[in-house]
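S.K.:
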Amino acid sequence: MKKWFVWPVLLAGVLCACGAQPTGQSAVTLPMNTKRPVVADLPADEAGPTPEPTPAAETTLTAADLTLEEKVGQLFIIRPDSLDLTLPQEQIDDAKADGVTELTDAMRDALQKYPVGGVCQFGKNIVDPEQITAFNAALQEASDIPLFISVDEEGGAVARLANKDTFDLPRYESAAAVGAEGVDAACAMGQTIGGYLRTYGFNMDFAPDADVNTNPDNPIIGTRAFSSDAAEAADCAAAMARGLAGEGILPTFKHFPGHGDTAEDSHTGLAYSYRTVDELTACELLPFEAAAEVGPHAVMVGHIVVPELTGDLPATLCADAIALVPDAENTLIVTDSLAMGAITDSYTPGEAAVQALQAGCDVLLMPDGLADAYDAVLAAVQNGTLSEDRLDLSVNKILRMKAQFCA
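In the working numbering, the protein residues as written are 21 to 427.
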């Protein structure tokens, strides 16, 4: 049975600094899924005049309305390929392998068995506008609880849709090039990307990249960051996020506590930052401080070891690191992909999932084996390793964000 939730105020407080009127493709009027009437609840000082409540607006979905199995499922955002239980994990994780591009009956059944909180579409799952719109709609229709449908659409080299020739979308040279133009350009990019993502059925973007590009030997960030200057990076990341949010897309600031000063690629192994906490606070954490002023948002935690702060642990699994996330109680804290080498080299899917939750993460992104990770979290709650109260904290945060963005 589908679970609905409606919250009584519109997303009025997240329009960005470059103007309240969307530009370009972001002005498209979007069809709403009438089976999931979701309207956001924002603080009164951000939301503007409150409309008269309707009877439907009195219904609010919380963790108390979910079974334990549904609560556990809500913690996961997965590749859609993981819903095909016949696929080997190697094929699921391989960006060059054939990807799932439509929802099958078997995948619908898997979504009932593992009622995940969302999916992340990759290039191999995206064919053209008609296909991805239909695929995303089918996923939403098959889920009893509205899904986060996410993508990495940063602009520049990391743009799963715009960089496909089957899409006629604006392409950006890089975040660094946009950052050089200033905050208005960054906000406009967020509006444009947010507008087209919404038309295709997405509601969450793993952007902006909020790193500060301070290490010229960094193999993975580079021009994905807006600037090597922390204040400029912070201003531009916040501006892009406002643009995304103004179009109804949940922005995700990444990669906390800062991937810009590392010399390693966390896709293949642990990345190291030798900053002190004071140095992080003065530089890498500034964009995440700016995020706290944007409004509803997520933060992605990277698999980054900061010896002074995390010891030998990646930040993803370290409570001391998560504790530094600004306004953590109101921020959706997402792990980076748990299928990356930085995690899989040392942890099983179940170990990584449970430890990330113990550290304070809310969302477990793409574990290296959905069944193993899901079963481990479920068992951890059942045996008391994780309390159900701890689970409810994250689930309620997830549902609050969904009430605002999963319309």
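Just so it is clear, CB atoms sit at the ideal spot from N, CA and C, and this is done for glycine as well.
Everything numeric in this text was worked out from a predicted model, so none of it was measured.
1) Which value, in whole angstroms, describes the spacing of the CA atoms of G280 and D125?
2) Among M260, V326, M360, which one has its Cα closest to the Cα of A311?
3) Roughly how many whole angstroms lie between the Cα atoms of R410 and V171?
4) Quick check on the DSSP output: what are the complete alpha helix (DSSP H) runs of length 4 or more inside the stretch 274–307, in order along the chain?
5) Mark L88 as exposed unless 16 or more other C-beta atoms lie within 10 angstroms of its C-beta, in which case mark it buried.
6) Under three-state DSSP, which class holds I363?
7) With a threshold of 16 other CB atoms inside 10 Å of the CB of Q211, please say whether the residue is buried or exposed.
8) So is K22 buried or exposed if we call it buried at 16+ other beta carbons inside 10 Å?
9) Counting Cβ pairs, one atom from each stretch, are 3 or more of them under 8 Å apart for the stretch 295–312 and the stretch 228–248?
10) Starting from I342, trace the alpha helix (DSSP H) in both directions and tell me its first and last residue.
11) Under 8 Å, do S286 and G322 count as touching if we go by C-beta distance?
12) Measure the alpha-carbon distance for A115 versus G143 and round it to whole angstroms.
13) If you draw a straight line from the C-alpha of D129 to the C-alpha of K184, how long is it?
14) Got a sec, what are the start and stop residues for the beta strand (DSSP E) S170 sits in?
15) Would you kindly report the start and end of the unbroken beta strand (DSSP E) that includes M320?
16) For A200, tell me which candidate among A154, G176, A227, S247 has the shortest Cα-Cα distance.
17) Given a cut-off of 8 Å, decide if S414 and L95 are closer than it, judged by their beta-carbon atoms.
18) Do the stretch 265–282 and the stretch 314–328 touch if we need at least three Cβ pairs shorter than 8 Å?
19) Kindly indicate which three-state DSSP category L270 falls into: helix, strand or coil?
20) Does the beta-carbon of A251 have 16 or more other beta-carbons within 10 angstroms, so that it is buried, or is it exposed?
21) Going by DSSP, which residues form a beta bridge with C140?
22) Hey, out of D388, T243, G221, whose CA is closest to A196's CA?
23) With distances taken from CA atoms, which of T288, V325, T330, T153 is nearest I240?
24) Does the pairing of the stretch 290–300 with the stretch 253–268 give three or more beta-carbon distances under 8 Å?
25) Pull up the distance between the alpha-carbon of I146 and that of E161, whole angstroms please.
26) Name the residue from A227, P228, I165 whose alpha carbon lies nearest to the alpha carbon of R420.
27) Determine the burial state of R99: buried for a count of at least 16 other Cβ atoms within 10 Å of its Cβ, exposed for fewer.
M.R.: Once the coordinates are examined:
1) So the two alpha carbons sit approximately 43 Å from each other.
2) The residue with the shortest Cα to Cα distance from A311 is M260.
3) If you take the alpha carbons of R410 and V171, they lie about 27 Å apart.
4) Note on the stretch 274–307: whole alpha helix (DSSP H) runs with a minimum of 4 residues are 297–302, in chain order.
5) Label assigned to L88: exposed.
6) Reduced to three states, the DSSP call for I363 is helix.
7) Its Cβ being crowded by 16 or more others within 10 Å, Q211 is buried.
8) Exposed.
9) Contact between the stretch 295–312 and the stretch 228–248 is present: three or more C-beta pairs spanning the two stretches fall below 8 Å.
10) From DSSP, the alpha helix (DSSP H) with I342 extends over 339–342.
11) A contact, by the Cβ cut-off of 8 Å.
12) Cα-Cα distance, rounded: 8 Å.
13) Near 31 Å, if we compare the C-alpha coordinates of K184 and D129.
14) Per DSSP, S170 belongs to the beta strand (DSSP E) from 168–171.
15) From DSSP, the beta strand (DSSP E) with M320 extends over 318–321.
16) Comparing Cα positions, the closest option is S247.
17) Judged by their CB atoms, L95 and S414 are nearer to each other than the 8 Å cut-off.
18) Yes, the stretch 265–282 touches the stretch 314–328.
19) Under the three-state reduction of DSSP, L270 is assigned to strand.
20) Under this definition A251 is an exposed residue.
21) Assignment of beta-bridge partners to C140 by DSSP yields S170.
22) Answer by Cα proximity: T243.
23) Nearest C-alpha to I240 among T288, V325, T330, T153: T288.
24) No, because fewer than three Cβ pairs between the stretch 290–300 and the stretch 253–268 fall closer than 8 Å, the two stretches do not touch.
25) If I take the Cα positions, the gap works out to 18 Å.
26) It is I165.
27) With 16 or more Cβ atoms within 10 Å of its Cβ, R99 is classed as buried.
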